[in-house]
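K.L.:
Residue numbers (the numbering used here): 147 to 430.
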């Protein structure tokens, strides 16, 4: 049977490009999207090696239903691309009451991973690939305890923190997968700057990147994530970025020095425990 991948946010931008590349590599790809119209259009475009399934990353119940559907249709999953995200939206809360950026950009990654790991843990070569961001390099401190229901934040700060949390989650997840002797590894990558629908709430920033030529196309942006997922040389915890100084654009390269906060084991454990308390899920 073909290998099977799940891609969140596969209806547009980087997620759509990842899905296209996976199907081109003969990998049956689940398009996990909130937008049904776009999801079905992508499914039609990609053909019989893809399938749209509804998944709202801002709603635990929706993600639970998605995972139930996956459980009923598939015995094994080879790749989970946690890719869906949002950038600088006006203040809004998830269905459970968490600030939207935190909920979608981080909590959904934790939720889906721990809900689907039982389909991956015995599969040789299986990988969880978390999309990160250049913004993950920016935070110098991280106050995890402030991320509770109905809390409000500076929009850029919560975006930066949420992408850092993804990197921390990747490191801690890979450690815990190894401790349990599971076959799965956790890796991450960032796309640099790609002008997609994710910048719909940040027109001024988008224009800045255009005028300064600090961006590249969506195919180039997806390349680090594809390398993270499919390159046989990749190891657990590897972080794939770009081979240029500022990493706005370029070619895929393993980045040896992510944000130093990522290496703080105590803080990673704190983030993990905080996430368990909010999702009622843990690695099993």
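Note that beta-carbon positions come from the ideal geometry of N, C-alpha and C, so glycine has one too. Predicted, not measured: the structure shown is a model, and the values here were computed from it.
#1: Whose CA, out of 199, 225, 224, lies closest to the CA of residue 213?
#2: Who are the near neighbours of residue 293 in its chain, counting only those whose CB is closer than 6 Å to its CB and skipping five residues on each side?
#3: Alpha carbons only, please: which of 162, 243, 270 is nearest the one belonging to residue 368?
#4: Measuring straight from C-alpha to C-alpha, what distance separates residue 285 and residue 309?
#5: Three Cβ pairs or more, each shorter than 8 Å: is that satisfied between the segment 150-158 and the segment 172-179?
#6: Evaluate the contact criterion for the segment 207-225 versus the segment 187-195: three or more CB pairs, one atom per stretch, below 8 Å.
#7: With distances taken between CB atoms, is the gap from residue 283 to residue 405 smaller than 9 Å?
#8: The beta strand (DSSP E) that contains residue 197, what's its start and end?
#9: Run through DSSP, which three-state label would residue 290 get?
#10: Can you tell me which residues form a DSSP beta bridge with residue 228?
#11: With DSSP collapsed to three states, give me the class of residue 345.
#12: Using DSSP with H/G/I as helix, E/B as strand and the rest coil, what is residue 269?
P.N.:
On the basis of the supplied data:
#1: 199
#2: 248
#3: 162
#4: 10 Å
#5: yes
#6: no
#7: yes
#8: 196-200
#9: helix
#10: 276
#11: Note that residue 345 scores a pLDDT of 44, beneath 50, so its modelled location is shaky and nothing firm can be said.
#12: coil
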